[in-house]
Each structure stands twice: as structure tokens, then as C-alpha cells.
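Just so you know, we're using our numbering here: the sequence shown kicks off at 11 and counts up by one.
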Amino acid sequence: MWRIVRWVLLALWLVAAGAAWWGAPREAGVERAFADMASDRVVAYQLGAQWRDNAPDRWFAVPTVEGGEQDRIFAWRTPDGRAHWADISDTPDLKAQLPQHRSANVLGLSTLINGIGLLFTLVFLGVLWAGPTPVTGTRWYWWWLFALIPFGLGVLYWTFREVPWARPEIPETRRTGWRGLGIAIVVSVLVSVILFGLTRLFGEAAFPDVLTP
11 MWRIVRWVLL ALWLVAAGAA WWGAPREAGV ERAFADMASD RVVAYQLGAQ WRDNAPDRWF
71 AVPTVEGGEQ DRIFAWRTPD GRAHWADISD TPDLKAQLPQ HRSANVLGLS TLINGIGLLF
131 TLVFLGVLWA GPTPVTGTRW YWWWLFALIP FGLGVLYWTF REVPWARPEI PETRRTGWRG
191 LGIAIVVSVL VSVILFGLTR LFGEAAFPDV LTP
């Protein structure tokens, strides 16, 4: 049974990863904003001062535009589900051309991404604390890998490393919580550095900055 669950979770993780990548806001410039408005391709938009992601780093980023003293960011979604943004600090006349009666939900795939993340969390916590004793490491070991490693990679590793209810013999020594904390910190930093390098190498079109934890 668990072998089926792990492949289902992997499939859902791939869906969430693809949705996060596809719908991540990419800087497009003011010219693109005017062009999309002129061709009626703006299906949702938001104005604000800065991007903010309140979600925990252990999952994919779903940023939102927050207001401030000056609306310098114009974010919008096109019919293909992709999100774009432009700095309109020097283009105050753009606001006068904004389409009326449009949704403010720029990240249309956010519900799907967050829903899969919630499912991962419930499955992990339910099995970890209510299920049998883990074999590879202590419960605290897995907790730190879940809490600190971004993009759900810690949970993904757990689903393939542990086999709950298989009733294997518990080894005398297992990986401790301190070891899990250290591994989680190192992996989190490495993932951030790798994504930063990929963004600089291939550009935001391939690796948007907002995907970096």
C-alpha cells in the first residue's frame, strides 16, 4: 500500500513543481504590460509596493503583491495562466488604462500548489507521529528534514526512504535529530545557492527569482 502512496505523492509533487514554475511571476517590462492590456490579455492584475511570500520555505513559493505608500509593481496574469510583473514607478499613466472588473488573483495556480502542500504535510505528520517508529532516523531527524529543506524535498526523500508498517527490525543506532538539523541546513543552503546560480546563468525565464527559497 505504501508503495502506491509514495508514487502518488511523487506525481502530486511533480504537478506542484510544474505549476509553481509555470505560474511564477516573471519580470516582463512596461512595454509588455501595455501590449497585453491593448490586446485584452490581462485576465487578472494587482498593484502593490513589493513581493512577499508568507508561505514556509519548505514548500514552493506562492508570492503576493503587498501594498505600500507607492504602487510601483504592476502584476498581471495572461490567459495561458502565466504571471508577469513590471516596475511602473516611472509610468504613472498606466493606472489610467487598467481594465475594469478583473480578478485580483494573479497567481491562478496558487490553490493547487498550496493544496498539494497541505496534503503532503498532513500525510507526513500523520504517519510520523501516529505511525510506527521510523527506521532510518528518529522522528526529530525527519521533522527537521521536513521543516527546513525547501520544495518538499525532505518529505519526498522520506516517502522513499521509510516504509511504514513494514515492521522491520529497528536498528540500535539511528540518525538523530541533531544530525537531521545539520543535514537540513546544509541542503537548504545548497539548494538556494544552486538555484541562484541557475537563475544568473539561464535567466528568470527558466528559473524565476521567486522560486528561490
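For every residue, glycine included, the Cβ atom is placed at its ideal position computed from N, Cα and C.
- In the displayed model, Val196 falls within a helix according to three-state DSSP.
- In the structure shown, Glu41 falls within a helical segment according to DSSP collapsed to helix, strand and coil.
- Residues Gly58, Ala59 and Gln60 of the same chain have their beta carbon placed closer than 8 Å to that of Gly78, with the five preceding and five following residues left out of the count.
- Nearest C-alpha to Pro218 among Arg171, Ala29 and Leu200: Ala29.
- Taking the CA atoms as reference points, Leu24 sits about 21 Å from Trp152.
- Per DSSP, Val75 is one residue of the beta strand (DSSP E) stretching across Thr74 to Glu76.
- Its chain contains Ile159 as the residues whose beta carbon lies nearer than 7 Å to that of Val197, once the 5 sequence neighbours on both sides are disregarded; these appear in chain order.
- In the DSSP assignment, Gly164 falls within the alpha helix (DSSP H) that extends over Leu163 to Arg171.
- Sequence-distant Cβ neighbours of Ala114 in its own chain, meaning closer than 6 Å and more than five residues away, are Gln56.
- For Ala30, the uninterrupted alpha helix (DSSP H) segment begins and ends at Trp12 to Gly33.
- The alpha-carbon of Val52 is positioned some 7 Å away from that of Pro89.
- Considering only Trp175, Pro181, Leu22 and Gly39, the residue with the shortest C-alpha distance to Trp95 is Gly39.
- Counting only the Cα atoms, Thr148 lies some 14 Å from Glu179.
- DSSP places Asp97 within a strand segment (E or B) once states are collapsed to three.
- Judged by DSSP secondary structure, Arg62 falls within the beta strand (DSSP E) whose first and last residues are Gln60 to Arg62.
- Bridge pairing for Ile83: Gly58 and Asp97 [DSSP].
- For Arg149, the secondary structure class from DSSP, reduced to helix, strand or coil, is helix.
- Considering only Ala93, Val145 and Tyr167, the residue with the shortest C-alpha distance to Thr183 is Val145.
- The beta carbons of Trp69 and Gly127 sit closer together than 7 Å.
- Between Gly91 and Gly118, the C-beta gap is smaller than 7 Å, which places the two residues in contact.
- Ala106 and Met47 have their alpha carbons spaced roughly 11 Å apart.
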